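Residue numbers (my numbering): 73 to 213.
Written out below as structure tokens is the structure these notes cover.
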Ligand SMILES: [Zn+2]
Ligand SMILES: [Zn+2]
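Now the structure itself:
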């Protein structure tokens, strides 16, 4: 459904359909993608890193990273297209986190789940104790 929104890129009001940026910025991005892609197509640039692409094309590194994240530029085609992990800064070619960080985060989530489960169990035990207490209390009278 179309609605008015501010462009994520330039802040201009535009009719939002599926993109988070306005038509002008989209066109601009497509143009830059072409430039980057044409640059990467040259055999000599196959192994360029993101900062080398930036030097060669003038396209912002952030935008190049966006293309990699959107898988428009594929790391298996261009082996040096990596960018820093959001947690530790290690080079990655996919998603936001490196494998070890996403493992750590999953582990932390699992631990959190366990804690919640234990807390839940303690709660149950407490209720059980309270129930037993009242049961004993009743029989004593
Ligand atoms: Zn815009
Ligand atoms: Zn990491």
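Ideal Cβ placement from N, Cα and C applies to all residues, glycine included.
Just so it is clear, the structure is predicted and the values come from calculations on it, not from any experiment.
Quick one: does the C-beta of residue 166 sit closer than 6 Å to a heavy atom of ligand 2?
Here residue 166 is taken as the residue at index 94 of the chain shown, counted from 1. No, since every heavy atom of ligand 2 falls outside the 6 Å radius drawn around the Cβ of residue 166.
Please go through the same chain and pick out, in chain order, the residues whose beta-carbon is closer than 6 Å to the beta-carbon of residue 86, but skip the five residues on each side of it.
Here residue 86 corresponds to residue number 14 of the chain shown, with the count starting at 1. Cβ neighbours of residue 86 beyond the five flanking positions: 79 and 94.
Quick one: is residue 189 buried, meaning 16 or more other Cβ sit within 10 Å of its Cβ, or exposed?
Translated into positions along the chain shown, residue 189 becomes position 117. Exposed: under 16 other Cβ atoms inside 10 Å.
Given this structure, state the Cα-to-Cα distance separating residue 207 from residue 200, to the nearest angstrom.
Along the chain shown, one-based indexing puts residue 207 at 135. Along the chain shown, one-based indexing puts residue 200 at 128. Between residue 207 and residue 200, the C-alpha separation is close to 10 Å.
Report yes or no: do three or more beta-carbon pairs, one from the region 151 to 167 and one from the region 115 to 124, lie closer than 8 Å?
A contact between stretches requires three or more CB pairs, one per stretch, nearer than 8 Å, and the region 151 to 167 meets this requirement with the region 115 to 124.
Can you name, in chain order, every residue of its own chain whose Cβ lies under 8 Å from the Cβ of residue 174, other than the five neighbours on each side?
The sequence position of residue 174 within the chain shown is 102, counting from 1. Within the same chain, residue 174 has close Cβ partners 167.
Check whether the region 129 to 136 touches the region 106 to 115, counting contact only when three or more Cβ pairs, one atom from each stretch, lie closer than 8 Å.
Yes, the region 129 to 136 is in contact with the region 106 to 115.
Under three-state DSSP, which class holds residue 75?
Taking the chain shown and counting its residues from 1, the one referred to as residue 75 is at position 3. Residue 75 falls in the strand class under three-state DSSP.
Should residue 84 be listed as close to ligand 1, given that the test is whether its C-beta is under 6 Å from any heavy atom?
Residue 84 sits at position 12 when you count from the first residue of the chain shown. Flag set: Cβ of residue 84 near ligand 1.
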